[in-house]
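Going left to right, the sequence shown walks through residues 2 to 77 as this note's numbering numbers them.
Where a beta carbon is used, it is the ideal one built from N, C-alpha and C, also for glycine.
Predicted model only: the values in this text are computed from it and were never measured.
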Amino acid sequence: MPHAIDATGKSVHLTPTQLKVMQGVYSGQLNKQIAYELGIAEATVKAHMTALMRKLNVRNRTQVAIAAQRLAFPLS
């Protein structure tokens, strides 16, 4: 399972879908756009965002995008 570093510097495990949602946030997409691209419901994207923010110990989308920027794989 892939991992990222949370706001406190601790390594956290992310699911493949959470990584895709994170990539969408980093790219500036809205939840609706991410949902369409991944073929899932917008509510599911929101659930993944909630899990991401909890795991990364952050409070908003901007902080999720900053965490995504620190990852060692391309997020184009």
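Subject >> Member of 17, 67, 70 whose CA lies at the smallest distance from the CA of residue 49 >> reply: Put simply, of 17, 67, 70 the residue whose alpha carbon is nearest the alpha carbon of residue 49 is 17.
Subject >> DSSP-derived helix/strand/coil call for residue 79 >> reply: The structure shown does not extend to residue 79, since the chain is modelled only from 2 to 77, so the question has no answer here.
Original post:
DSSP on residue 5, reduced to helix/strand/coil?
Top reply: Strand.
**OP:** For residue 72, collect the residues of the same chain with a Cβ closer than 7 Å to its Cβ; drop the 5 residues on either side in sequence, then sort them by chain order.
**Re:** For residue 72, where only same-chain residues beyond five positions count, the Cβ hits under 7 Å are 5.
Original post:
According to the neighbour-count rule (16 or more other Cβ atoms, all chains shown, within 10 Å of its Cβ), is residue 68 buried or exposed?
Top reply: By the 16-neighbour rule on beta-carbons within 10 angstroms, residue 68 is buried.
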